[in-house]
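Protein chains in written order, with the numbering used here: chain A, 59 to 431; chain B, 149 to 524; chain C, 5 to 505.
Structure, rendered in structure tokens:
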């Protein structure tokens with residue numbers, strides 16, 4: 059009896075062994091490593107893709123095409139009409155979005171298929187391109203590894219140094235849906251022969267492009283966002299009384315944030331934020347003379363750094379408020395501590411953010427100055 | 149000198165189906181951790197916002213109370229399952245009718261869990277493969293374990309628990325991107341949403357009604373109450389961990405957009421040598437889900453044997469397997485039908501697991517009261 | 005027990021044919037008739053030696069034996085010499101005053117025939133109706149050497165021989181204890197084989213002994229050639245891929261198992277001893293583990309378990325990752341795998357089956373070749389053929405690595421039967437992985453687990469200490485605590501004396 063059942067099961071299994079299944083042959087597949095979205099001159103959507111070719115004798119070659127399509131999902135069918143192998147997008151590393159697209163259309167509905175299909179990788183990095191996406195996608199850099207991997211590594215290492223923010227698709231989705239924070243993505247540009255990280259691009263609640271931050275501003279913003287506690291490298295100009303030499307005086311300091319505290323208060327329907335941050339740093343470069351053995355001198359340097367930082371931060375915050383974007387996520391604090399007031403201003407948080415007062419107080423402590431006096 | 153330890157005596161009675169206390173705990177815990185956990189964060193957030201974790205605590209308290217009630221009902225007749233009990237208390241006709249309803253409930257639970265498993269596999273992992281093939285694969289271990297009695301089920305649940313300890317631990321991985329502020333303030337909109345969300349946790353805690361059927365096989369019955377409380381606490385801990393991680397990781401507006409937020413949470417887990425870990429995790433979780441539908445299959449088979457009184461255990465099992473296969477060939481549910489099936493099981497479970505024991509408890513008290521009155 | 009019992013009882017019920025009995029069953033007083041009877045019984049046996057002697061100068065007697073089975077020296081010095089020189093009267097024979105070896109008097113031809121075939125010699129005296137069976141066994145035997153398949157580093161280097169009495173002696177050397185009981189059974193219709201059950205009476209559970217006796221008496225066979233055959237007749241689950249008893253050639257390992265409460269069955273003429281009941285983790289333990297320091301023992305045991313998982317799952321995982329779930333690998337690995345797989349014309353499943361089958365062929369071939377050629381063949385096969393296949397574009401590099409890792413892993417398992425089973429279980433796992441991807445592997449895992457959990461070996465569960473979880477047993481299963489802490493016996497074979505004394 060038991061044998062009969064086993065035989066029946068085995069026969070059934072063998073009969074359908076050659077049936078339709080989910081197998082793929084990866085050497086015959088096209089894995090899209092980079093996806094690009096842009097608008098052409100007539101404001102139609104163009105979708106670009108870049109994928110490696112696995113054919114005998116074509117080491118390092120890639121395939122890059124662009125098609126017109128109404129949506130991203132439609133573009134896959136159009137790609138299939140051009141490429142001989144099947145398209146799989148489980149390993150996409152990068153999503154390039156052209157600035158033209160960000161300025162003219164809402165980005166989020168375009169990304170719906172990437173979010174909906176579970177086979178997609180939601181760990182892909184979202185990058186804004188200052189210029190046409192086709193330039194970036196069609197680049198063939200010499201002496202560098204595959205472009206997709208190269209850009210992915212570029213973004214990752216820059217994010218470690220806080221020169222840009224690594225935003226995955228899932229985080230992007232979070233920032234768009236959550237009312238207390240506005241989206242932020244990395245930004246690059248193709249300069250003649252090279253790719254350069256510009257910093258970050260700030261978008262508003264709907265996904266329209268608002269403004270960009272350069273490298274220095276990105277670093278300051280990252281201090282406030284507090285996503286990773288790896289060291290920051292800042293260089294500040296120093297103005298000391300007396301001793302007017304020809305060289306500009308600068309001090310470079312490598313800082314690690316130790317503690318970030320944001321307190322909120324509500325005054326007359328306008329929130330007030332006090333950002334207190336304690337930083338610990340090492341001096342890595344000093345282009346002027348100063349005897350740092352004395353405690354007083356150390357305190358002078360610390361004060362100079364604090365003032366400089368304060369000034370630059372104030373400029374940044376003014377810029378954010380002018381464009382009505384809140385990439386720091388201060389809305390979350392309002393929701394946590396003043397829930398009732400939050401319910402009223404939830405839908406218009408960026409406007410309220412623009413009206414609120416933000417005070418930034420850094421405390422810098424220098425721990426060591428290297429091996430030179 | 150010979151020492152006849154209790155082992156020797158126990159071995160003689162090993163031929164009867166016996167489960168130890170730990171196996172009892174793990175059977176019940178395994179049944180409770182099933183499909184509810186996949187959608188729980190979303191359902192709670194829809195009603196109670198990010199305060200759903202309090203609803204889980206309250207729901208857990210309810211399930212513990214009902215479990216203790218069930219255990220005390222079963223303590224009165226230590227070696228009878230629910231089917232025998234119903235025949236005793238309700239007579240043979242009414243009792244058989246209620247037994248039949250219980251069998252239907254067991255079948256409904258099995259079908260719901262199995263088809264949800266197949267549906268999730270179909271959406272997330274294997275899109276093209278016909279579901280009846282996957283079901284055929286799962287029916288083999290069902291046959292092996294089903295034909296070997298409750299003992300095999302106890303051992304299987306126990307070993308599955310130990311093999312799946314790493315799963316909740318790995319779920320703490322997304323916490324590195326956590327937004328603690330999501331949980332504040334506590335009790336945002338007042339207590340009413342929290343209380344009304346408790347109803348949705350009932351489906352997740354379903355599984356303690358296994359005590360109705362497995363209590364007679366427990367060897368050390370004096371620890372039964374302790375055991376079932378431990379099982380409920382383990383499940384409570386699991387649900388809390390998952391819900392908290394979901395709340396910390398997602399924005400409250402975001403959770404409601406995902407159908408299975410727990411699975412979307414898995415997409416974030418990434419190691420340096422393995423990306424997209426959710427595929428491995430999910431395949432393994434489908435195996436853990438088998439501890440949910442295997443006991444319900446037992447319930448169905450035990451019931452059909454109690455009603456029909458003829459035919460061996462194995463024959464009933466085979467017929468059930470064949471029916472399942474047949475159903476899956478002809479019925480491929482859509483996502484709406486799956487949701488409706490889950491809701492139906494939820495309501496049936498609400499009646500079967502929460503209302504029914506209370507009513508039965510009252511009936512038994514009255515029954516005994518009148519009996520002692522009569523004999524006095 | 006479970007429903008498999010009916011399977012065991014009903015099989016092997018060969019028709020009991022009566023053994024051909026001779027018409028004449030008792031000895032006659034006349035020597036000539038006896039001699040004629042002898043020649044008719046052993047008509048085509050040139051090794052039958054019939055030695056005519058004269059006792060005391062007057063009585064005729066014949067000494068007969070099968071040459072080759074007897075020890076010539078014993079016959080000459082213990083039997084013939086005193087018979088010819090020291091014997092004064094016939095009565096001395098019966099009171100064993102003359103012959104130096106052990107004697108039994110007998111009247112029946114069946115006993116004489118059996119005794120002759122076992123290597124004893126018979127003395128027929130003219131005019132007496134009794135014959136004497138004289139102990140003189142001395143068939144060709146091997147000297148004690150270490151078994152090839154079970155070499156240990158720190159343990160004893162002795163292995164069992166082919167004679168049951170010597171094997172019993174080797175075991176008694178390890179357990180010189182009054183409680184070591186030996187039960188003898190004779191199995192076989194055509195040629196009786198002796199088997200011996202060896203156990204410690206105050207440790208082993210009597211239920212196991214009863215069960216074993218029942219099973220031994222439940223089958224009939226013409227003769228038992230190897231212990232392996234006995235294993236298959238008495239095992240629980242014939243359809244399981246996993247073995248349910250251990251066959252070992254080492255006396256120290258046998259002693260270790262007997263001390264745990266297991267039963268050792270010695271089959272005459274076979275150097276392998278059967279140990280039962282066992283559970284799954286016993287197959288991953290060796291006696292060398294107890295000679296190592298405890299953390300080294302833990303490392304080695306964990307390595308063995310890991311190799312079990314590698315041997316069973318690795319080829320299936322390779323197929324799944326290449327054919328279904330490429331997303332699991334990091335990008336660089338995918339690129340290098342794709343580049344190495346470009347030229348391969350076959351699907352990963354076929355490639356895996358091809359390579360695995362080739363490896364199995366090589367392994368089988370390597371067993372029968374003498375050792376010097378065997379080495380060359382394995383090197384040629386493994387390296388050259390593998391490399392050539394990669395360059396010809398038939399298989400990819402990664403497949404060769406996977407296959408060799410699997411082969412190495414399957415060699416780590418110490419017990420031969422289990423290693424063989426693991427090699428087999430690999431193939432259905434590959435098929436499941438090919439059909440259902442990662443879900444298939446989880447399914448296969450489920451099936452193996454369900455199977456281990458429900459299997460029983462002689463009434464004790466196979467999955468202990470995992471499946472009926474016995475926390476106290478964990479001290480000596482996958483990990484091994486320092487020997488001072490291992491004071492209680494394992495509960496797997498359900499011994500009746502738990503403390504080690």
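Backbone N, C-alpha and C fix where the C-beta goes; we use that ideal spot for every residue, glycine too.
Three-state secondary structure assigned by DSSP to residue i
i: residue 171 (chain C); result: helix
i: residue 202 (chain C); result: strand
i: residue 242 (chain C); result: coil
i: residue 311 (chain B); result: helix
i: residue 81 (chain A); result: coil
i: residue 238 (chain B); result: helix
i: residue 134 (chain A); result: helix
i: residue 515 (chain B); result: helix
i: residue 182 (chain C); result: coil
i: residue 431 (chain C); result: helix
i: residue 153 (chain A); result: strand
i: residue 121 (chain A); result: strand
i: residue 277 (chain C); result: strand
i: residue 160 (chain C); result: coil
Residue from the options with nearest C-alpha to residue i
i: residue 252 (chain A); options: A:168, A:407, A:336 and A:212; result: A:212
i: residue 421 (chain C); options: C:252, C:348 and C:173; result: C:252
i: residue 136 (chain A); options: A:194, A:159, A:127 and A:142; result: A:127
i: residue 328 (chain C); options: A:177, A:130 and A:161; result: A:177
i: residue 285 (chain A); options: A:191, A:294 and A:385; result: A:385
i: residue 215 (chain A); options: A:269, A:144, A:180 and A:288; result: A:288
i: residue 321 (chain A); options: A:388, A:190, A:257 and A:364; result: A:388
i: residue 392 (chain B); options: B:328, B:457 and B:485; result: B:328
i: residue 108 (chain A); options: A:83, A:150, A:131 and A:98; result: A:150
i: residue 234 (chain B); options: B:505, B:427, B:520 and B:202; result: B:505
Contact check, residue i vs residue j, beta carbons under 7 Å
i: residue 316 (chain C); j: residue 430 (chain C); result: yes
i: residue 304 (chain B); j: residue 293 (chain B); result: yes
i: residue 169 (chain C); j: residue 230 (chain C); result: no
i: residue 399 (chain B); j: residue 232 (chain A); result: yes
i: residue 498 (chain C); j: residue 264 (chain C); result: no
i: residue 182 (chain B); j: residue 440 (chain B); result: yes
i: residue 361 (chain B); j: residue 229 (chain B); result: yes
i: residue 276 (chain A); j: residue 255 (chain A); result: no
i: residue 198 (chain C); j: residue 185 (chain C); result: no
Beta-carbon contacts of residue i that lie in its chain and below 6 Å, excluding the five residues immediately before and after
i: residue 290 (chain C); result: 418
i: residue 187 (chain C); result: 201
i: residue 55 (chain C); result: 67
i: residue 425 (chain B); result: 417
Own chain residues within Cβ distance below 8 Å of residue i, not counting five before or after
i: residue 479 (chain C); result: 485, 489 and 490
i: residue 477 (chain B); result: 280
i: residue 138 (chain A); result: 144 and 145
Contact set for residue i: own chain, Cβ-Cβ below 7 Å, skip 5 residues either direction
i: residue 349 (chain A); result: 355
i: residue 46 (chain C); result: 52
i: residue 296 (chain A); result: 307, 308, 309, 346 and 362
i: residue 26 (chain C); result: Confidence at residue 26 (chain C) is low in this model, with a pLDDT of 48, below 50, so its placement is unreliable and no value can be given for it.
When Cβ atoms are compared, which residues of the region 331 to 352 of chain B fall closer than 7 Å to chain A?
-> Look at the region 331 to 352 of chain B: the residues with a C-beta under 7 Å from a C-beta of chain A are 332, 333 and 336.
When you check each C-beta in the region 271 to 296 of chain A against every C-beta of chain B, which residues fall closer than 9 Å?
-> Here the close residues are 285.
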